[in-house]
């Protein structure tokens, strides 16, 4: 019997040793999930010149001084949108005078440009951004609408969401036109005016307009993820160029209770406010289940494994073994927790009207960002179970389904096109697919193409991230040059990409 146990332990020891060796070898030899190599990555081949960066930065700062704020559908600074239109026309004279470029005002305040190419056999594509910004409250160190440039940094609402893209795209196109660029491939530029209000009056109408004209797009590239520095668990030495291949859905729920009101001198054993408060606390404490592996999360971390710090490289390279442990690691931080599950946020709680009256009703608003692997029914079932009280009524106020997952990977040329261009700007970056936790205008273009991607070529880190919809939104002048460089190279690369594919097929 002793010999039997001894043999078992020896076998287990051999198996464990073998497992350790295999996992270490995987970590040491893991390579990029997608090998991006289409275009040269030298940083000295960009056409934008450092001597011009000051003028570029000042134009972006000037655009930030125009208060194109989206408060609600009935409260837009409409005059400022007209002012921004004129500013763009004055700032980019070649874009607005070229015989090959047309500009349309869509629903008065949104803009649609068409840049006509010489080869009608090539499918057109669309670059998207938005003109509006969210309100600026809180405690800024500068006036959010002064467009201040201080210590090499551009401050202002919209600096990274999303006027840097609007201005970066037009700066790149103006430069190319000045250099005599004549595109082979037709492309569109769409600037919605109410993205922060879900885009119903802007991008939605642009999408309808293109659909009515039977425009068949190859792909759309909109805002979304950024170059993420020190924001992805386990990756501290390299930025991660995260390409959004999908985005979460939006679900807004109203939770309510109704019970007899009363006087504080004789309180009931339970009140509407107390019942709802307990239900909301239960909901917040019981997060939605992890969807890791049911979306692109596995591929995301496999893609960044070669760039991860040693321990996390080992972990990412062996997710087949350590997935349960890794899900627990992801769940420790809000940013990474949002990667793999439906997020829950309690945004409004209302009840009571007098300090000595027990209210007969209470209401709370819950915002979910729904993972693409879950349905509306899945989310409601979880919430009902988590709340655990039939007296809490759940009502759907608004629902936007998650976006479908766009093609990505080794064989998807548009994903590679975006990744290749991102690497031209930042050769030492990792490139990975991801699900955007925020909503964009892309939902309004789903009828035009299945290839919808989200990448905004600005660098964001733990210091600048809170500025997105928060205080002191900012972008360094140096990084803004990279934004322009990205769009410049992207337009050139998209124009020539069919030639690279043809050469590849001929090899």
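In our numbering, the protein residues as written are 604 to 1110. Virtual Cβ for every residue (Gly too), placed ideally from N, Cα, C.
Asked	Found
Between the C-alpha atoms of residue 820 and residue 717, what's the straight-line distance to the nearest angstrom?	12 Å
Would residue 836 and residue 936 qualify as a contact pair, given that the criterion is a beta-carbon distance under 8 Å?	yes
In the DSSP assignment, the beta strand (DSSP E) including residue 996 goes from what residue to what residue?	996-1003
Indicate, with yes or no, if the ligand HEM has a heavy atom lying under 7 Å from the CB of residue 1052.	Ligands are entirely absent from the displayed structure, and the ligand HEM is therefore not among its contents.
Taking the C-alpha atoms as reference points, what is the distance between residue 774 and residue 782?	12 Å
Looking at residue 1040: is its Cβ nearer than 8 Å to the Cβ of residue 972?	yes
Using the Cα positions of residue 1112 and residue 610, report the straight-line distance between them to the nearest angstrom.	For residue 1112 there is no data in the structure shown, the boundaries of the chain being 604 and 1110.
With DSSP run on the structure shown, which of helix, strand or coil describes residue 873?	coil
How about residue 780 and residue 687: do their beta carbons lie closer than 8 Å?	no
What are the residues that DSSP puts in a beta bridge with residue 825?	1057
Spatial neighbours of residue 1051 within its chain, please: C-beta separation below 8 Å, excluding the five flanking residues on both sides.	729, 810, 813, 814, 818, 819, 820, 823
For residue 832, which of 1082, 1062, 873, 803 has the nearest alpha-carbon?	1062
Considering only residues of the same chain and omitting the five flanking positions on each side of residue 648, which have a CB-CB separation below 7 Å?	Only weak support exists for where residue 648 lies, its pLDDT of 47 falling under 50; the coordinates are left without a value.
Can you say whether residue 910 is buried or exposed, counting buried as having 16 or more other CB atoms within 10 angstroms of its CB?	buried
Could you check what DSSP says for residue 926 in three-state terms: helix, strand or coil?	helix
Where does residue 681 sit, in a helix, a strand or coil, going by DSSP?	helix
Which of the three DSSP states is assigned to residue 845 in this structure?	strand
By the 10 Å Cβ neighbour count, where 16 or more other Cβ atoms means buried, how is residue 992 classified, buried or exposed?	exposed
Which residues in the same chain have their Cβ closer than 7 Å to the Cβ of residue 613, if we skip the five residues on either side of it in sequence?	none
Report the three-state DSSP secondary structure of residue 783 (helix, strand or coil).	coil
Give the straight-line distance between the Cα atoms of residue 645 and residue 1027, rounded to the nearest whole angstrom.	Any answer about residue 645 is weak, because its pLDDT of 49 lies below 50 and its placement is not dependable; what the coordinates show is given next. C-alpha separation (whole angstroms): 7 Å.
In whole angstroms, give me the CA-to-CA distance for residue 744 and residue 767.	20 Å
For residue 604, which residues from the same chain have a beta carbon less than 8 Å from its beta carbon, with the 5 sequence-adjacent residues on both sides left out?	With a pLDDT of 46 at residue 604, under the threshold of 50, the predicted position of this residue should be treated as unreliable, though the coordinate-derived value follows. Around residue 604: no qualifying Cβ.
Helix, strand or coil for residue 811, going by three-state DSSP, please let me know.	helix
Take residue 897 as the anchor and find which of 942, 967, 737 has the nearest alpha-carbon.	942
On a Cα-Cα basis, can you pick out the residue from 946, 679, 668, 1092 that is closest to residue 804?	679
I believe residue 879 touches residue 982 by the beta-carbon criterion, under 8 Å. Please report the beta-carbon distance rounded to the nearest angstrom.	Not really, about 19 Å apart at Cβ, beyond 8 Å.
What does DSSP give as the partner residue(s) for residue 953 in the beta ladder?	966
Alpha carbon to alpha carbon, how far is residue 895 from residue 664? Give it in angstroms, no decimals.	41 Å
Tell me, please, whether the region 872-891 touches the region 1070-1090 by the rule of three or more beta-carbon pairs shorter than 8 Å.	no
What do you get for residue 655, buried or exposed, if any count of 16 or more other CB atoms within 10 angstroms of its CB means buried?	exposed
Roughly how many angstroms lie between the CA atoms of residue 1096 and residue 828, to the nearest whole one?	20 Å
Rank 756, 1011, 639, 760 by C-alpha distance to the C-alpha of residue 849 and give the top, closest one.	1011
For residue 890 and residue 946, what's the separation of their Cα atoms in angstroms?	8 Å
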